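Undergrad: Each protein sequence line maps, in turn, to chains E and V.
Using this note's numbering, read the first sequence as starting at 1 and increasing by one per residue.
Using this note's numbering, read the second sequence as starting at 240 and increasing by one per residue.
A virtual CB, placed ideally from N, CA and C, is assigned to each residue, including glycine.
Quick caveat, the model's predicted, so the values are computed rather than measured.
Sharing a structure with you now.
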Amino acid sequence: MDLAFLADCFLRIVPGIPMTLALTALSVSVGLVFACLLAAMRLSGNTLLDWPARLHVFVFRGTPLAIQMFLIYFGLAQFEVVRTSVLWPYLREPFWCAFGALMLNTAAYGSEIVRGGLLAVPCGEVEAARACGMSGFLLFRRIVAPIALRRALPGYGNEIILMVKATSLASMVTLVEVTGLAARIISTTYRVFEAFAVAAAIYLAINFAIARAVAALEWWLSPHLRGAPPPAPDLRLAH
Amino acid sequence: MPAWLVAYWELMGFGPRGWGALMLQAAAMTVAVSSSGFALGALFGALAAWGRLSGHRIAAAIATTYTTVIRGIPELLVIYLVFFGGAAALGWFHRLFWGGEGFVSLPAFVAGFVAVGISNGAYQAEVFRGAHAAVARGEIEAARAVGMPRWLIARRIVAPQVLRFALPGLGNCWQLCLKESALISVTGLVELLRQSFIGGRSTRDFFSFLLTGAALYLVITTLSSGLFALAERRAMRGLRRA
Chain E
1 MDLAFLADCF LRIVPGIPMT LALTALSVSV GLVFACLLAA MRLSGNTLLD WPARLHVFVF
61 RGTPLAIQMF LIYFGLAQFE VVRTSVLWPY LREPFWCAFG ALMLNTAAYG SEIVRGGLLA
121 VPCGEVEAAR ACGMSGFLLF RRIVAPIALR RALPGYGNEI ILMVKATSLA SMVTLVEVTG
181 LAARIISTTY RVFEAFAVAA AIYLAINFAI ARAVAALEWW LSPHLRGAPP PAPDLRLAH
Chain V
240 MPAWLVAYWE LMGFGPRGWG ALMLQAAAMT VAVSSSGFAL GALFGALAAW GRLSGHRIAA
300 AIATTYTTVI RGIPELLVIY LVFFGGAAAL GWFHRLFWGG EGFVSLPAFV AGFVAVGISN
360 GAYQAEVFRG AHAAVARGEI EAARAVGMPR WLIARRIVAP QVLRFALPGL GNCWQLCLKE
420 SALISVTGLV ELLRQSFIGG RSTRDFFSFL LTGAALYLVI TTLSSGLFAL AERRAMRGLR
480 RA
């Protein structure tokens, strides 16, 4: 292993980190809003809302992200309507196309996680709240949302990590991020392992940080599961 | 028929100017590369799960490193590693044994399915490990009590049940395989995504081609999840469900 080349690879790949993080942060946060919307549509009991949400989830979970990204980046531009629309300044940019595909994709997967969390709220809790006279938004805010959040959080943490990995596809639509930079070094120097090791280490570090952050959030959100602190030792018995 | 449908059929049909046959061929290539990758992944996954469960410290450390690292990095990176790393290794062998010179490239199909196998194996290892944990201890104790040797227990008692409990998880892994196979297009293998892209580029109609490609992916994923559901029902036929 050539340490000088390894350092060189590191310096050349690090500038891709902001793009990877920006794509992840934007698509996960906007995707979460859409995921909640889709989950609400699925659970609304209204067929006209339910079916579009079902279709979205079916299509975006049943096709590869790469083809979704290509459809937005290459496919939409051929329509006159799109090129003259207000969205064109965005759809022309590979960044916003990649963001759009990632966001719609994570919304589909995320909506199932959110829906699962909402369905996992025990009936008894809701009944008890109703018996106390809570209803509507108060019931949702105090009872349903906190329980659903805790149930959905582990699954959503996995989804965020999958999104970090999925941002690597942005290199297929010309964006310069960690995987794209590593691939560029590999395909020009034919020295595979140094660039691979640097890129892999960066992804592992990001994903490890996210996993720890989600675990910490989970810990912070479930004080009732932490168990009682160990009792103070009874010093009288020591004498 | 509306005009756009006639135009679409001419483009995507099976006539002299139609791309239908090529698209179906590419879909078959997607299925071929995904299923070879899935099979290789089953091998890697079984080995890694065995390493984790063997109690052997070095084997467990290797298996844990493999599943943690591979599941933490993008599949695209694994594909680049296998494609270019395989070429570098081949070139090295070529120089060493035959005194050859120059660049030896790894066939895109081989690079593709090996890369898919490596990444999918890490997920399958976790599925197998979970399924192994679901096998009742009593069954193994009973097998030992009637005097079965270890390998016979593994073959008659553990393996069939692990496969049964692993089926739902393996179905998810297969879907991952299918979607990852789209990324192999970066190596130049003409599978569904690559073919849709080529067709779109040469006819300047990316939208029709990519949408058709996406529809074919949907057909493949829907059919195969149906098949997995059937297999699950068949595997569970001897079990009483609560």
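1) With a cut-off of 8 Å on the beta carbons, I'd call F95 of chain E and L217 of chain E a contact; round off their distance for me.
2) On the criterion of 16 or more Cβ atoms from any shown chain inside 10 Å, does C132 of chain E qualify as buried, or is it exposed?
3) How is V343 of chain V classed by DSSP in three states: helix, strand or coil?
4) What do you get for P64 of chain E, buried or exposed, if any count of 16 or more other CB atoms within 10 angstroms of its CB means buried?
5) Out of V:R403, V:E430 and V:T426, point me to the one whose CA is closest to F467 of chain V's CA.
6) Should A232 of chain E be labelled buried (16 or more other beta-carbon atoms within 10 Å of its own) or exposed?
7) Any beta-carbon of chain V closer than 8 Å to the one on Y190 of chain E?
8) Could you check the C-alpha separation between V270 of chain V and L204 of chain E for me, to the nearest Å?
9) Around the C-beta of V164 of chain E, are 16 or more other C-beta atoms found within 10 angstroms, so that it is buried, or is it exposed?
10) If the cut is a Cβ gap below 7 Å, which residues of chain V does I113 of chain E touch?
11) Could you tell me whether the Cβ of T106 of chain E comes closer than 8 Å to any Cβ of chain V?
12) Which residues, in order along the stretch 453-469 of chain V, keep a beta-carbon less than 7 Å from a beta-carbon of chain E?
13) Near R334 of chain V, what residues of its chain come up, given a Cβ to Cβ distance below 6 Å and the 5 sequence neighbours on each side ignored?
14) Given that Y203 of chain E touches chain V, what residues does it touch there, using C-beta distances under 8 Å?
15) Does the beta carbon of F74 of chain E come closer than 8 Å to any beta carbon on chain V?
16) Below 8 Å on C-beta distance, what does G62 of chain E contact in chain V?
17) Considering just the uninterrupted stretch of the alpha helix (DSSP H) at E430 of chain V, what are its terminal residues?
18) With DSSP run on the structure shown, which of helix, strand or coil describes P52 of chain E?
19) Is there a Cβ from chain V that is less than 8 Å from the Cβ of F196 of chain E?
20) Between A421 of chain V and L37 of chain E, what straight-line distance do the alpha-carbon atoms span, to the nearest angstrom?
21) Chain E partners of S435 of chain V, CB-CB under 8 Å?
22) Just verifying my parser: in three-state terms, what is the DSSP assignment at Y190 of chain E?
23) Express the C-alpha separation of F208 of chain E and A479 of chain V in angstroms, rounding to a whole number.
24) Cα separation between A328 of chain V and M387 of chain V?
25) Report the rounded CA-to-CA distance for L406 of chain V versus L282 of chain V, giving the unit in angstroms.
26) If the cut-off is 9 Å on Cβ atoms, which residues from the stretch 90-104 of chain E count as contacting chain V, listed in chain order?
27) Using the rule of at least 16 other Cβ atoms within 10 Å of the residue's Cβ for burial, across every protein chain shown, is V366 of chain V buried or exposed?
28) When the Cα of M251 of chain V is compared with those of V:T451, V:Q414, V:S273 and V:I396, which residue comes out closest?
29) Can you give me the Cβ contacts of R83 of chain E inside the same chain, cut-off strictly under 6 Å, excluding the 5 residues immediately before and after it?
30) Less than 8 Å between C-beta atoms, sequence neighbours within five positions excluded: which residues of the same chain meet that for I113 of chain E?
31) Is the CB-CB distance between V374 of chain V and V401 of chain V below 8 Å?
32) Do you know whose CA, among E:H56, E:L149 and E:L119, lies nearest N105 of chain E's CA?
33) State the DSSP-derived secondary structure class of E471 of chain V, mapped to helix, strand or coil.
34) Note down, in chain order, every chain V residue with its Cβ under 7 Å from the Cβ of L221 of chain E.
35) Return no unless some Cβ of chain V is closer than 8 Å to the Cβ of I186 of chain E.
36) Would you report the Cα separation of G31 of chain E and Y247 of chain V, rounded to the nearest angstrom?
TA: In terms of the structure at hand:
1) Not a contact, Cβ separation roughly 28 Å.
2) Counting Cβ neighbours within 10 Å, C132 of chain E comes out exposed, since fewer than 16 surround it.
3) Here V343 of chain V sits in coil by DSSP.
4) Buried, because 16 or more other Cβ atoms sit within 10 Å of the Cβ of P64 of chain E.
5) Ranked by Cα distance from F467 of chain V, the first of V:R403, V:E430 and V:T426 is V:R403.
6) Residue environment analysis places A232 of chain E among the exposed positions, since fewer than 16 neighbouring C-beta atoms fall within 10 angstroms of its C-beta.
7) Among the residues facing chain V, Y190 of chain E is included, as its CB has a counterpart in that chain under 8 Å away.
8) Answer to the nearest angstrom: the Cα atoms are 30 Å apart.
9) By the beta-carbon neighbour count (other beta carbons within 10 angstroms, threshold 16), V164 of chain E is buried.
10) In chain order: nothing, as chain V lies at least about 14 Å away.
11) For T106 of chain E, the answer is no, since every Cβ of chain V falls outside 8 Å of its Cβ.
12) Within the stretch 453-469 of chain V, the qualifying residues are A453, Y456, L457, T460 and T461.
13) Apart from the 5 residues on each side of it in sequence, R334 of chain V has no Cβ closer than 6 Å to any other Cβ in its chain.
14) Within chain V, the residues near Y203 of chain E are G311, I312, P313 and L316.
15) At least one chain V Cβ lies under 8 Å of F74 of chain E.
16) Going along chain V in sequence order, the residues near G62 of chain E (Cβ under 8 Å) are Y456, L457, T460 and T461.
17) Unbroken run through E430 of chain V: none, as it is neither H nor E.
18) When secondary structure is reduced to three states using DSSP, P52 of chain E falls in the helix class.
19) For F196 of chain E, the closest Cβ of chain V is nearer than 8 Å.
20) Counting only the Cα atoms, L37 of chain E lies some 29 Å from A421 of chain V.
21) Ordered by position in chain E, the residues that pass the 8 Å Cβ test against S435 of chain V are I67 and F70.
22) In the structure shown, Y190 of chain E sits in coil (DSSP, three-state: anything other than H, G, I, E or B).
23) For the sequence presented, residue 479 of chain V should be read as Arg rather than Ala. About 41 Å.
24) Those two C-alpha atoms are separated by around 44 Å.
25) Pairing L406 of chain V with L282 of chain V, the inter-Cα distance amounts to about 15 Å.
26) Correct list: empty, as no residue qualifies.
27) Here V366 of chain V is buried: its Cβ has 16 or more other Cβ atoms, across all protein chains shown, within 10 Å.
28) Measuring from the Cα of M251 of chain V, the nearest candidate turns out to be V:T451.
29) There are no such residues.
30) A35, A152, G155, Y156 and E159, listed in sequence order.
31) Yes.
32) With distances taken between Cα atoms, N105 of chain E lies closest to E:H56.
33) Helix.
34) Going along chain V, no residue has its Cβ under 7 Å from L221 of chain E, so there is no contact; the nearest lies around 24 Å.
35) Closer than 8 Å to some Cβ of chain V, the Cβ of I186 of chain E qualifies, so yes.
36) Roughly 33 Å between the two C-alpha positions.
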